[in-house]
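J.: Numbering (this note's numbering), first residue to last: 35 to 457.
Below are the structure tokens for one structure; questions will follow.
Structure, rendered in structure tokens:
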């Protein structure tokens with residue numbers, strides 16, 4: 035029987051990575067708690083439930099109510115503030131995160147750096163009047179890149195301090211920035227530590243990364259883990275100063291928003307952490323050496339709420355591109371629609387040749403419930419039955435005719451985001 039996991043809030047990039055990590059597992063049944071309708075509604079469907087904002091006074095009690103109502107086994111905070119507020123405060127479920135004592139240290143960057151000063155290289159934090167400009171300012175309590183800025187003189191800094199007392203003023207680090215994804219066992223022994231570059235970031239999350247092969251980082255990971263008594267998944271970030279030496283930026287006892295970098299290599303932190311919290315020993319596979327770029331971008335997911343019973347698909351330049359390239363995304367969607375959603379799949383084509391032979395060649399003979407092979411001059415609109423259908427064809431003329439005469443949804447192969455929304 036699967037154990038139940040509650041991800042809260044379910045709409046953050048951290049939550050999306052948690053869900054992606056667990057969605058195909060036979061061990062975990064994933065639920066979400068969220069305050070707004072967002073992408074989590076698509077990822078979790080009817081398993082996403084309302085909880086107030088993290089800063090709401092009723093947030094913790096609302097999470098507790100969900101834990102009791104849904105018989106949750108594990109709670110995974112997917113926002114730093116949720117991490118600190120839920121630590122040690124949920125009954126009946128295990129919270130994947132730091133202990134309350136460690137949470138008190140990690141929630142402030144100043145206390146984290148103070149705890150680790152002398153353990154690993156750390157940037158100089160300036161008291162008022164000690165600054166060497168330009169300096170780097172960031173919120174002492176916060177996440178991502180919110181509120182960060184470079185300040186060039188004392189007048190500018192005085193103005194900032196007058197409006198925001200929650201600031202750290204530290205030396206400006208100008209070199210390469212890295213994230214080191216780590217995992218420690220219950221005795222804080224590091225089982226995995228691997229660094230990746232932060233080539234491009236958006237909102238504090240690395241959206242383009244490559245592996246960094248520096249033997250220094252596993253050694254630093256062991257020192258940090260031992261000093262803070264870290265267990266489970268965690269990460270730290272470092273950046274080079276002008277002399278080329280890495281200095282600590284922050285530490286967090288959770289997965290990073292782009293820890294999917296390690297997941298695609300075969301290291302699933304969230305799955306491993308839940309197994310460890312269940313009392314099992316965790317091991318990580320030996321990773322093959324290969325070079326790759328991990329790049330992220332905004333992508334589209336849809337929910338089709340209209341009733342769809344059938345999909346009509348063209349062959350040439352829709353299902354098969356340039357006569358020899360399979361449209362693997364479309365084929366995957368069609369298989370999902372046929373076998374998971376019981377939709378009728380119809381091939382509607384004027385292919386010049388024996389289309390059944392081509393389907394057999396590409397291993398697609400069993401995909402279609404019906405094959406309609408038209409002669410030259412016959413209109414496809416005469417074969418599309420009803421408005422509760424999707425017609426997929428690369429020809430605008432064909433799509434316009436079907437849309438006008440049949441009322442069906444008529445789209446090209448570039449619009450598969452919509453078709454995927456029926457799954």
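Positions of the beta carbon are idealized from the N, C-alpha and C atoms, including for glycine.
Can you give me the C-alpha to C-alpha distance between residue 63 and residue 143, rounded to a whole angstrom?
T.: Each residue's Cα considered, the two are about 34 Å apart.
J.: For the pair the region 299-319 and the region 334-344, tell me if three or more CB-CB distances fall below 8 Å.
T.: Taking 8 Å as the limit for Cβ pairs, the verdict is that the region 334-344 does not touch the region 299-319.
J.: Report, in whole angstroms, the separation of the C-beta atoms of residue 306 and residue 217, which I expect to be a contact under 8 Å.
T.: Indeed they touch by this definition, with Cβ atoms about 6 Å apart.
J.: Ignoring anything shorter than 3 residues, give me the beta strand (DSSP E) runs that lie fully in the region 169-194, in order along the chain.
T.: For the region 169-194, whole beta strand (DSSP E) runs of length 3 or above, ordered along the chain, are 169-173, 183-185.
J.: According to DSSP, is residue 200 part of a helix, a strand, or is it coil?
T.: Residue 200: coil per DSSP, three-state reduction.
J.: Just verifying my parser: in three-state terms, what is the DSSP assignment at residue 210?
T.: Note: residue 210 maps to coil in three-state DSSP.
J.: Does DSSP put residue 118 in a helix, in a strand, or in coil?
T.: In this structure, residue 118 counts as helix in the three-state DSSP scheme.
J.: Quick one: what does DSSP say residue 385 is sitting in, helix, strand or coil?
T.: Residue state, collapsed to three classes: coil.
J.: For residue 246, I'd like the list of residues in its chain whose CB is within less than 7 Å of its CB, leaving aside the five on either flank, ordered along the chain.
T.: 212, 229, 230, 231.
J.: Please report the distance separating the alpha-carbon of residue 206 from that of residue 233.
T.: Cα to Cα, residue 206 sits roughly 18 Å from residue 233.
J.: Residue 162: buried (16+ other C-beta within 10 angstroms of its C-beta) or exposed?
T.: Counting Cβ neighbours within 10 Å, residue 162 comes out exposed, since fewer than 16 surround it.
J.: Quick one: Cα of residue 53 to Cα of residue 299, how far?
T.: Roughly 17 Å separates the two Cα atoms.
J.: With contact counted as at least three CB pairs below 8 Å, one residue from each stretch, are the region 97-104 and the region 265-283 in contact?
T.: Too few Cβ pairs lie closer than 8 Å, so no.
J.: Can you give me the Cβ contacts of residue 81 inside the same chain, cut-off strictly under 6 Å, excluding the 5 residues immediately before and after it?
T.: Excluding positions up to five away in sequence, the list reads 65.
J.: Quick one: what's got a C-beta closer than 7 Å to residue 145's C-beta in the same chain, skipping five residues either side?
T.: So the qualifying residues of the chain are 139.
J.: In chain order, which alpha helix (DSSP H) runs of at least 4 residues are fully inside the region 287-313?
T.: Whole alpha helix (DSSP H) segments, 4+ residues: 294-297, 303-311.
J.: Which two residues bound the contiguous alpha helix (DSSP H) that contains residue 351?
T.: Looking at the DSSP string, residue 351 is not in any alpha helix (DSSP H), and its letter there is neither H nor E.
J.: Look up residue 370 in the DSSP assignment and say whether it is helix, strand or coil.
T.: Note: residue 370 maps to helix in three-state DSSP.
J.: Have a look at residue 435 and residue 421 and give me their C-alpha separation to the nearest angstrom.
T.: Taking the straight line joining both Cα atoms gives about 13 Å.
J.: Enumerate in chain order the residues of its own chain whose CB-to-CB distance from residue 121 is below 7 Å, with the five nearest sequence positions on each side excluded.
T.: Only 129, 131, 132, 133, 134, 137 meet the Cβ criterion.
J.: Quick one: grab the DSSP three-state call for residue 318.
T.: In the structure shown, residue 318 sits in coil (DSSP, three-state: anything other than H, G, I, E or B).
J.: Would residue 349 and residue 401 be called neighbours here (beta carbons separated by less than 8 Å)?
T.: Result no, Cβ atoms of residue 349 and residue 401 do not sit closer than 8 Å.
J.: Taking the C-alpha atoms as reference points, what is the distance between residue 165 and residue 157?
T.: Spanning the two alpha carbons is a distance of roughly 13 Å.
J.: Can you give the Cα-Cα distance for residue 119 and residue 47, rounded to whole angstroms?
T.: Cα to Cα, the separation comes out at about 19 Å.
J.: What does the alpha-carbon distance come out to for the pair residue 193 and residue 210?
T.: One C-alpha to the other measures close to 29 Å.
J.: In its own chain, which residues sit with a C-beta less than 6 Å from the C-beta of residue 149, not counting the 5 before and 5 after it?
T.: 139, listed in sequence order.
J.: Residue 9 by DSSP, collapsed to three states: which one?
T.: Nothing about residue 9 can be reported from this structure: the residues present for the chain run from 35 to 457 only.
J.: In whole angstroms, what is the alpha-carbon distance linking residue 180 and residue 239?
T.: So the two alpha carbons sit approximately 11 Å from each other.
J.: On the DSSP letters alone, give me the boundaries of the beta strand (DSSP E) that residue 269 sits inside.
T.: Run containing residue 269: 266-274, per the beta strand (DSSP E) assignment.
J.: Are the Cβ atoms of residue 328 and residue 423 separated by less than 8 Å?
T.: Against a cut-off of 8 Å, the Cβ pair of residue 423 and residue 328 comes out as no contact.
J.: Buried or exposed, going by whether 16 or more other CB atoms sit within 10 Å of the CB of residue 265?
T.: Buried, since its Cβ has 16 or more Cβ neighbours within 10 Å.
J.: Use the C-beta contact count for residue 43: other C-beta atoms within 10 angstroms, 16 or more gives buried, fewer gives exposed.
T.: The residue in question, residue 43, is buried, as its Cβ has 16 or more Cβ neighbours within 10 Å.
J.: Among the residues of its own chain, which have a CB less than 7 Å from the CB of residue 439, if the five just before and after it don't count?
T.: These residues qualify, in order along the chain: 415.
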